[in-house]
Structure formats: C-alpha cells, structure tokens
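Taken in sequence, the protein lines are chains Y and R.
Per the numbering used here, the very first residue in the first sequence carries number 1; after that it's consecutive.
Per the numbering used here, the very first residue in the second sequence carries number 542; after that it's consecutive.
Quick reminder that beta carbons are idealized off the backbone N, C-alpha and C, glycines included.
Remarks on the structure that follows.
Protein chains: 2
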Amino acid sequence: MRLGIVQLNPHVGDIDYNLERIISYIAGARDFGCDLVVFPELSLCGYFPFDLLWRHGFADRMESALAEVVRNSEGIGVIVGGISAARVRGGANLTDPSSLADGAGIDLFNSAFLISDGRLIGEERKLHLPTFDVYFEKRYFTPGEGAQVFELHGERIGINICEDLWVEDGPTDTQASLGAEVVVNVSASPFFVGKGELRRRLAARRARENGVTLVYVNRVGGQDEIVYDGGSFVVSPEGRLLFQAPYFTEDLYTVDLEGLRPIRPPREEGIELIRRAIVLGIRDYVRKNGFSHVIIGLSGGIDSALVAALAVEALGREAVTAVFLPSEITSPESREDALETARRLGIELLEVPIAGMVDAAEGALPQRPSGLAGENLQARARGTLLMTIANERNALVLATGNKSEIAVGYNTLYGDTVGAIAPIGDLLKTDVYRLAARFGDLIPARVLEKPPTAELRPGQRDEDDLPPYSLLDQVLKGLIEENASREELVAQGFPEKTVDEIIARYYRSEYKRNQLPLVIKVSPKAFGIGRRFPITHRYRN
Amino acid sequence: MRLGIVQLNPHVGDIDYNLERIISYIAGARDFGCDLVVFPELSLCGYFPFDLLWRHGFADRMESALAEVVRNSEGIGVIVGGISAARVRGGANLTDPSSLADGAGIDLFNSAFLISDGRLIGEERKLHLPTFDVYFEKRYFTPGEGAQVFELHGERIGINICEDLWVEDGPTDTQASLGAEVVVNVSASPFFVGKGELRRRLAARRARENGVTLVYVNRVGGQDEIVYDGGSFVVSPEGRLLFQAPYFTEDLYTVDLEGLRPIRPPREEGIELIRRAIVLGIRDYVRKNGFSHVIIGLSGGIDSALVAALAVEALGREAVTAVFLPSEITSPESREDALETARRLGIELLEVPIAGMVDAAEGALPQRPSGLAGENLQARARGTLLMTIANERNALVLATGNKSEIAVGYNTLYGDTVGAIAPIGDLLKTDVYRLAARFGDLIPARVLEKPPTAELRPGQRDEDDLPPYSLLDQVLKGLIEENASREELVAQGFPEKTVDEIIARYYRSEYKRNQLPLVIKVSPKAFGIGRRFPITHRYRN
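See the structure below:
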C-alpha cells in the first residue's frame, strides 16, 4: 500500500482554508499514486478550537466540511481528523445554566473519518481524552466506545487518535486483536524537548506488543503558545523505525509500506530543536494573526539579543525593529552591545531615551518614587514606548523575559513583560546561554560574557537580587517540572534559605504570570495554559 | 437532630488557618448542642487549589489535617470536605512526562468525610467532576464509585458533593433507595445572578423525587475571580424551604431538623446580590493577598465612580485613593465630576496630569504617534502613573473596565486595563448604570447622565466608536452567554452590519483579554478561567 502522510499546518477556525489545503493534498497524493492519504487530528478545524467548539453552527460547519472532503476523494482513501456531533441530551433539565450554554444538547466527538472513493466508510471516536497540562479535551468531548478495524485495498487498518496510543490497554490492542495489520494514529502532539524520541519509543512498544505496522501522523505549526512539531513516522511490527518525516515542516510524504527497510532514528539535539520550535512559534503567531513586523526592546543584554536573533530567523531582518531605550543608568557598554547586536543581525535600530518620560512622571507625582517603584517606572516607560512604536507601525512587540525571571517575578508587569508573545519565556537563563551560543557571531561575545543586569539602579547585578542562576535554575526545574516540595529540594542538597526564598518568590509572583504574554512552550511544563495555580493562596511548600 | 451548618470562608492552601477555624467551629457547635456539624466542599484546603494539588506533600498534609479534625471531634459528628489520595498507578509507564509530573502515581479524590466522636466513620468520594465553565475537576480528580448511607444518632444520612446533586440519576437517588432520610450536599458553588433560586429549585426537586430532607451547605468568600455566596439552606421531603442562611457571610447556623416549619423563599434582587458579591470579591482579594489599600484612576465617568464606590464599601474610605489623571483633552466637567465623586465618597484624591509624560514620550520617539497609537499612549501614561503610586504605597490598582468594553476591545492594554482585579469587568455597561444607581447620592447625578467618553481625542463619544450600548449589550449577551451565532443574532432582528462588526471585534480582542486582571464573575459566563478561546483563529461566526 502506498501511503500519503500529510503533516498539515491548519489554521484554527478557518475551515475554508483547511479544507482547501486538504483537498489540494488529496489531489497531490492521488497524483503520486497513493492508495491512502492521512491527515492529523482535527485537521478540518485545527487543533485546538477550545470554546469555538460551542459556538452555535460550528459542528454543522464541520459536518459540511467533511462532506466536501468525501466529494473530493474519488479514487483514493482518506483519513482525516474532525468533529462529529450527536444531539442527545435534551429536555428541560434543571442543570446549571452555564453548563447549558457550554454545548447544551449536543455531544461532541473528536473523530477520525475513513473515506474512500467518494464514500464515508467509517468514523473512529477518540476514547482517551487528555485533560492534564495543556489539554482540555474532557471539557468539550464525549469519549468514543470501542474500536473497529476497516478493510481497505485488502489491508486491515485500525485508526486511533493521539492519546489513545499513550494509554495502556488502549485501542491499538483491541484493533490488533480484531486483525489489524496497520494501525494509524492521527495526532496533534505539542513539541517539547525529547518528545520525538518519546513518541518513537512508545509507538515501537505498541507495534511490538501487537505485531502491527504503526503509522504516526502529527500536525505541525505554531498555535498560540503551542508548537506542533510534526516528525511523523512509521515503525515496523518489530518496533524498528521505517520512515521519519522532518520536523516543523508542512508537507506530503509518500511511503510504500511494503518496500520499507529499517532506518536509524535521527540524532536529535535538544537545543537545536528548541531553536526551530521557537522560530516556528514566532513566525506562525505573527503571520497567522495578520502581522508581519515585530518590535523588540534591545537592552544590550543576552535575553533581548537572543529574541532578536530568533525573530530575524523567523521573519527576516526587514521584519524586525530593535529599540534601544537607555536611561541615565544605562552603561556605555550596554549601548555598544545593543548597537553591535543590531548591526550584526542587520536590523533597524531606534534609540529612544526614557529619561524625559521618567522625569515627567516623577515631576507629576506627589512624591518622587523610591526603590522598587522607581525601578518599575523605568521599565514601564520602556513598555509604553515599545507599544507606541508597535501601534504606530501595526507591529507586534516580542517580550524578552526568560523562564527564570518569570518564575521568581524578577520583572515588571506592564514594563519588560509587555508584548504579544514571549519567545524565550520557557527557557531557563542557563538555557538562554546555550541557545544564544548557537547563533555564533550574530550575537557579540561580550553579550554572552558580561554579568546579567536589569540596569534599573546603578551597579545592579541580577545575582545581587537573586541566587546565582546555576543554582536558581536547578531549583526551579525541580519546583516547576517535578513539583518537588521544599523538603525534597532541601534533601537534594540545595540551601534551605535559598529554597524558601525561591518558593516564596515563585508563589508570590503568580499574579504577574496571570497577565503575561503567551510563552512559547518548549519544556514539559511551561508557564501558560498547561499550568494553573491560584493567585490567592498561602501554601508555601 | 440538631445540625450545625458552617458557611466557611477558607483560605486556599492555608491548611493551618482552615484547620484552626474548623476546630473552633466544631467546639462552637458542640457548645450549641449540635449532634452534627457540616462544613463545605474542600474546606480543609479551600476550593479550589488547582495545581497545588500536585505539589508533593500536599496530599499528605491534607491527611494529617483530617486526622487533626478527627482528634477534635469528641462528642459530636462532623462532615468535612477534603482530599483523599490513593497511590495506585505505578511502574515505568511510557507515558507523557508532563502527565508524570502532573500527579504521577497518585489518584486524588474530592471527598467528604464523616467523623463522629473521635473516629473517622466513612468517606464519600465525589462522583461527578464538573469540567465546564470555571470548573477543572477532571484535570485533578478520579471519580468515586457508588454511594453509601451512614447511621448517626439513629438517623440515616447520605452525603454527596456539589455537582453530584445537579446531575440526573445522581447519588441522592441511590442514597434514598438505601434508606437515607437526610441527604447532605457539601458545595463550593460560585455566585452568579439567579444562582440561589436555581439551587433551591434543584434541591427541592431532588428532595421530592426521593422523599428526603436535603441539607445544602455552601462555602462563602472571594477566591481570585470567583465569589462563593454561601446561602446554605434546608428543604423538606415535600420540597419546601425550611431554613435559609444569609449570603456572603461566614458563620455557624444551628438548625433543629425536627422542629422546622416551611418558610418563604427570600425575595432576591439580582443587582443587589451583584453589589454584595463584588464587594466581597474586592475585600477578600485585597485582604487575603495581604494588602489593605487600593488605587483607582477616577476619570469623572461612571465606571471608575462605581468601582470607587464599591471599593469604599469593601474596604472603607481610608483604604481607597482615587487618582485623577487629566490630559489636555479632559473637559472641565470631567474634573468637577471626579473631584465631586471623591468628595462624596470621602476618599483621598490625587491629581496627576499626564501631559508631561505624553509630551516627553512624543519628543523621544522618532515620530509623533498618530491616531490610535496616540490615544493608547495617553492611556498607558495613566496606567504607568497608577502603578507607580500603587508600588510606592504597597497598594493594589483596581481596573475600571466593564464587560462591554472588554468584549469588543474598547480599551488599551497596559493602559486602562492595568490592575490586580477588574471589579466590574463582568458587568455590561447597561448593568453598570443599574448598579451605580443603587449608590444614590454617593455618585453625582451628572456622572450617570452624561454620555460616556474615553476622552482620548477631542469630542470623542463611546457611541461614535461603538454601537449604542443598549444594542451592543443585547448582542453581547447573546454572543457570550448563549453562544448565539451570527445567523441567530441576525434572525433575532439585530442589524447584520452591527452583528458582524461586534463579532469581529469580539474575536479580534481576545489577546487583550488574555492579559487582563482577574474579572470578578457575576454572570453565567464571565471573562476569565471559565471561558477559553484561541487568540490565533479565523472563525467569524
């Protein structure tokens, strides 16, 4: 069987656009002689529509889109992810009115449809609905029941959806026991470091357990804070990798299932994949929202230099404007480094001093702000100027904060936090250095070497205000990714006082994270929709 | 049986505090001769802890807290809501690492514990885990299985938890069939207009269906964007109201179940309950986060006047500072109205002109910002000044935006949106007028009568930029609360062009809502955690 694998980059909610792409890929696959072409999970609406699913008319539109795919499937088989709806609940139940508004009278299913030669052959409904980290599927969907096997061109095929592959005793087992030789999993699996390897190990195990060829088809593209990395693949019944599609690219890949030989798994370097994920995340956010230009406050420090380098890679140098916003505290070295970074990246640089605004604010206020209030004022003058330039040019601001800062609230809300997205907001400071190093001469050596400073008071150094980043980042990794408690962190040998300080700062700064731009997720646990803490609480462990 | 109903206002995550309150109420109930004292859902940790539930050590702390309650229950029965944990999943599953971090190896249950005279008698686990609107329970909890009946002082009692009462064929039915005469529902049910009446109708129906006395015990207090309103009650097996506790107040109420006569349901006025909900929401957010003072930008318009009046009611006049931030566009009437509002409310008023900051920004920028960029600059200068004053005084800013503005993005991100909470962010403009009218002479008549304006350009009126509020608000109600589609709204008689414009603005401004302060929820569908739309999407229906 000749298989077409389409790593689609759909636009959420733009059903016309997705349909057009799908129909065009079906035609392409047919031209390549494919027997079956497979599209990822929820391709027709894009993963993930959230409350759009509850908009009246959405399910009907999905139904008509599916009919359109069926009409365009002459001479080929198609597996495509979409929604099906059943009007089941009814009557005047005395239930909560918000539950009534939230998809009343309708059961929605996250489904994969098998279509062949102008006919809808069958539908497989997702059984296991992930509702942890960034997943919200139980909020919207009803789980399917049971699993089927379809016959196509003499091949017995099972279809299941994303999470269905990850659970023990899932539908792959059922489908194998019903005689499936090939199992196709359609996914929308977000990137984080190590995810590709994890997926291949998982799929190899499921293939071996069941003696089936496993075809894994993942969507690609940035969608708000999530980057889907593609990297679709095929493994043999022995668990050997037979085919591996590239990451981060929308395309059609054709595979002759019979003629495949085992290949080596790709060697993957985490930091390189992070670079590509962030680049795609920036590009898709900016372009899918109808923008083309971004504004970055360039301080002369490493964070903003890295964000500028990533933005240039994502959008091109003409699409990036750097703004250097010096105060009286800004050192001559910072100015040199900002200018030199912009020069090396080949981007426009504006210099907009903040002293006038800060002085005017201090003059207007009943008293001159002191300490932290004065430091925040400088950051907010910068935020205001960046946003004004962005509004004037119909551009987006990219925020330059990193995960270490965001975790302990070492930032100013409405100041250095302003922006549409925070491209390195899921990178600990130590990873910021690792990623910046990959840009070689594009970022001046001194930017990587000098001690970090917020430059909001004379002689300030980050490490005067915070524990050293090498220590801070280790504690944060335990705290955020592993949910390590105070006792566990202390038992790991971190100083008790430091652990207490970090935990207190971590919890206390939740209110800032609640108003942050979208942080592009590259780790197993990023700030954003996959993490949800109360702001008002007094837990300290 | 003499029953004690405790409408607790717990502090999320402050298990020591909650425990102390619970133990003290148990002692009080015993002094009043109660046989049984009932606390709301998750009283030991406070509803709702979100990802704190996954912090290592949290479940253990909950277990030791429960043991402490047991030790303090001599001579009395206690029903208290908390967490129980079962270590069940194990082994080296090849599952998603984020699922491993999110509560790996442990099943959590949302439980109510029955304790009597120093012994833990039993545990009832919540069966139905709400995961719509503001509820996230399937993210964290495993559902219980089956329902039991306990015997206490010769009375057969069933216990169930919040949502368990709302579903058809829920545990109340099972418990009645097992002989329960009294069913106690422990809840953490958020306020919105009409909720009290809805709960009583629901409970009356369940009581009648099953011939049981139904005791409904709800928590009270503000927790981030949610206000729990209390209003606990008892209904007879005939569905008649026997007892009604006040709303919005923490207290112990004693009820002799045998001696009760039917009472009239309270007459409830929606707008008055909204007032009390917002007041409690402000008070609890400010105080539970360790603050005492708030700052409000007073423009002379109705929104900020109303927020100031609500803040005074919540915190006292000494705790509120108003800041009037005129520009060159600000009219003399606005200044008079702002000053007069502050005078009538008896609050401090600072006058801080923004012209200096705006001029300085315009001077520093490569070109003078035009149009919207210039308007936003003024709003952001105000936001920066308000935040500077708040930082200087260790106070919180209250944002003054209303639901109509927020829905169509008629606001400036980092400008008039700055703040910790948005007290009237769930009130449509037409409801802002209704609520403001309740404050009588505290808000000058002209503030209610003059046409609304953002005063960001000369002669600006809201209704030049937006459809008239009377029309806008009706469309928004359909759009937000009922998920009405474009076609449905047009069929209801709203002008097609207006509907299209409102829908486009609604979707396009999602990015602003993603960075907004907490909006105190008073309607069935508020901006905040109960509503989740993608920012990047192209759906227009």
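Problem set entry | Coil, strand or helix - R:Tyr-676 by DSSP | If DSSP states are grouped into helix, strand and coil, R:Tyr-676 belongs with coil.
Exercise. Tell me the DSSP bridge mates of R:Thr-754?
Worked result: The partner list for R:Thr-754 (beta bridge, DSSP) reads R:Val-723.
Exercise. Using the beta-carbon of each residue, which ones in chain R are nearer than 9 angstroms to Y:Ser-299?
Worked result: Ordered by position in chain R, no residue passes the 9 angstroms Cβ test against Y:Ser-299, which lies about 16 angstroms from the chain.
For this session: Specify whether the stretch 974 to 990 of chain R and the stretch 858 to 867 of chain R touch according to this definition: at least 3 beta carbon pairs, one from each stretch, less than 8 angstroms apart.
Result: Fewer than three pairs of CB atoms, one per stretch, sit closer than 8 angstroms, so the stretch 974 to 990 of chain R makes no contact with the stretch 858 to 867 of chain R.
Problem set entry | Neighbouring residues, chain R, relative to Y:Glu-455 (Cβ below 9 angstroms) | What Y:Glu-455 touches in chain R: nothing, since even the nearest Cβ is about 17 angstroms away.
Exercise. For Y:Lys-512, does the count of other Cβ atoms within 10 angstroms reach 16, so buried, or fall short, so exposed?
Worked result: Only buried fits Y:Lys-512, as 16 or more other CB atoms lie within 10 angstroms of its CB.
For this session: Would you list, in chain order, the members of the stretch 678 to 691 of chain R that have their beta-carbon closer than 8 angstroms to a beta-carbon of chain Y?
Result: Those residues of the stretch 678 to 691 of chain R that come within reach of chain Y (Cβ to Cβ, closer than 8 angstroms) are Lys-679, Arg-680.
Exercise. In angstroms, rounded to a whole number, what distance separates the CA positions of Y:Arg-531 and Y:Gly-419?
Worked result: Spanning the two alpha carbons is a distance of roughly 20 angstroms.
Exercise. If we ignore side chains and look at the alpha-carbon of each, how far apart do R:Val-761 and R:Ala-717 end up?
Worked result: In this structure, the CA atom of R:Val-761 is about 28 angstroms from the CA atom of R:Ala-717.
For this session: Report the three-state DSSP secondary structure of Y:Tyr-410 (helix, strand or coil).
Result: Coil.
Problem set entry | Element boundaries [alpha helix (DSSP H), containing Y:Tyr-285] | Residues 270 to 288.
For this session: Could you have a look at Y:Glu-348 and say whether DSSP puts it in helix, strand or coil?
Result: Strand.
Problem set entry | Cβ-based contacts, 8 angstroms cut-off: residues of the stretch 579 to 603 of chain R near chain B | Of the protein chains in this structure, namely Y and R, none is chain B.
For this session: Rounded to whole angstroms, what's the CA-CA distance from R:Arg-1046 to R:Ala-948? Just pull it up for me.
Result: R:Arg-1046 and R:Ala-948: Cα-Cα distance of roughly 8 angstroms.
For this session: State the start and end residues of the unbroken beta strand (DSSP E) segment that holds R:Ile-837.
Result: R:Ile-837: member of the beta strand (DSSP E) spanning 835 to 838, first to last residue.
Exercise. Among residues of its own chain, excluding the 5 on either side of R:Arg-824, which ones have a beta-carbon nearer than 8 angstroms to its beta-carbon?
Worked result: Around R:Arg-824: Gly-763, Ala-855, Leu-856.
Exercise. Of the residues Y:Ala-309, Y:Ala-355, Y:Gln-367, Y:Thr-213, which one's Cα is nearest the Cα of Y:Gly-343?
Worked result: This sequence places Arg at residue 343 of chain Y; Gly is not what is there. In this structure, Y:Ala-309 is the residue among Y:Ala-309, Y:Ala-355, Y:Gln-367, Y:Thr-213 with its C-alpha nearest to the C-alpha of Y:Arg-343.
Problem set entry | Contacting residues, own chain, Cβ-Cβ under 8 angstroms from R:Pro-806 (five flanking each side not counted) | Glu-738, Arg-741, Leu-782, Gln-785.
For this session: Starting from Y:Phe-533, find everything on chain R with Cβ-Cβ shorter than 7 angstroms and list it in chain order.
Result: Going along chain R in sequence order, the residues near Y:Phe-533 (Cβ under 7 angstroms) are Phe-591, Asp-592, Leu-593.
Problem set entry | Residue(s) in a DSSP beta bridge with R:Phe-599 | Under DSSP, R:Phe-599 takes part in no beta bridge, so it has no partner.
For this session: Would you mind listing the alpha helix (DSSP H) stretches within the stretch 427 to 499 of chain Y that are 4+ residues and don't spill past its ends, in chain order?
Result: Fully enclosed alpha helix (DSSP H) runs of 4 or longer: 429 to 437, 445 to 449, 462 to 465, 469 to 481, 486 to 491.
Exercise. Nearest to Y:Ile-161 by CA position, among Y:Ile-83, Y:Asp-102, Y:Gly-301, is which residue?
Worked result: Selected option, being the one with the closest Cα: Y:Ile-83.
Exercise. If we call anything under 8 angstroms between Cβ atoms a contact, is R:Arg-612 one with R:Arg-816?
Worked result: No.
Exercise. Excluding sequence positions up to five away, which residues of its chain have a Cβ less than 8 angstroms from the Cβ of R:Gly-1034?
Worked result: Nothing listed; no residue qualifies.
Exercise. Got a sec: is the Cβ-Cβ distance from R:Phe-673 to anything in chain Y below 8 angstroms?
Worked result: Among the residues facing chain Y, R:Phe-673 is included, as its CB has a counterpart in that chain under 8 angstroms away.
Problem set entry | Within chain R, partners of Y:Leu-372 - CB distance below 7 angstroms | Those within 7 angstroms of Y:Leu-372 in chain R are Asn-932.
Exercise. By the 10 Å Cβ neighbour count, where 16 or more other Cβ atoms means buried, how is R:Ile-804 classified, buried or exposed?
Worked result: Label assigned to R:Ile-804: exposed.
For this session: Please check if any C-beta of chain R sits within less than 8 angstroms of the C-beta of Y:Val-352.
Result: So yes, Y:Val-352 belongs to the interface.
For this session: For Y:Glu-285, return the contacting residues in chain R, with the cut-off set at a CB-CB distance below 9 angstroms.
Result: Per the sequence shown, the amino acid found at residue 285 of chain Y is Tyr instead of Glu. Within chain R, the residues near Y:Tyr-285 are Ile-1076, Thr-1077.
Exercise. Buried or exposed: where does R:Asn-952 fall if 16 or more other Cβ atoms within 10 Å of its Cβ makes it buried?
Worked result: In the assembly as shown, R:Asn-952 is a buried residue. Its beta-carbon has 16 or more other beta-carbons within 10 Å.
Exercise. Which term fits Y:Asp-117, buried or exposed, when burial requires 16 or more other beta carbons within 10 angstroms of its beta carbon?
Worked result: Around the Cβ of Y:Asp-117, a 10 Å sphere holds fewer than 16 other Cβ atoms; the residue is exposed.
Exercise. Under 8 angstroms between the Cβ atoms of R:Ala-902 and Y:Met-387?
Worked result: Taking 8 angstroms as the Cβ cut-off, R:Ala-902 and Y:Met-387 do not qualify as a contacting pair.
For this session: Please check the pair Y:Val-80 and Y:Pro-49, which I expect to be a contact at CB under 8 angstroms, by giving their CB distance rounded to whole angstroms.
Result: Contact doesn't hold; Cβ gap of about 16 angstroms is too wide.
For this session: Count the other C-beta atoms from every protein chain shown that fall within 10 angstroms of the C-beta of R:Ala-818, then say buried if there are 16 or more, exposed otherwise.
Result: R:Ala-818 should be labelled buried.
Problem set entry | Spatially closest choice to R:Lys-970 from R:Ala-995, R:Gly-956, R:Leu-1013, by CA coordinates | The shortest Cα separation from R:Lys-970 among R:Ala-995, R:Gly-956, R:Leu-1013 belongs to R:Leu-1013.
Exercise. Hey, Y:Glu-155 and Y:Glu-181: beta-carbon distance below 8 angstroms or not?
Worked result: For Y:Glu-155 and Y:Glu-181, yes; Cβs fall inside 8 angstroms.
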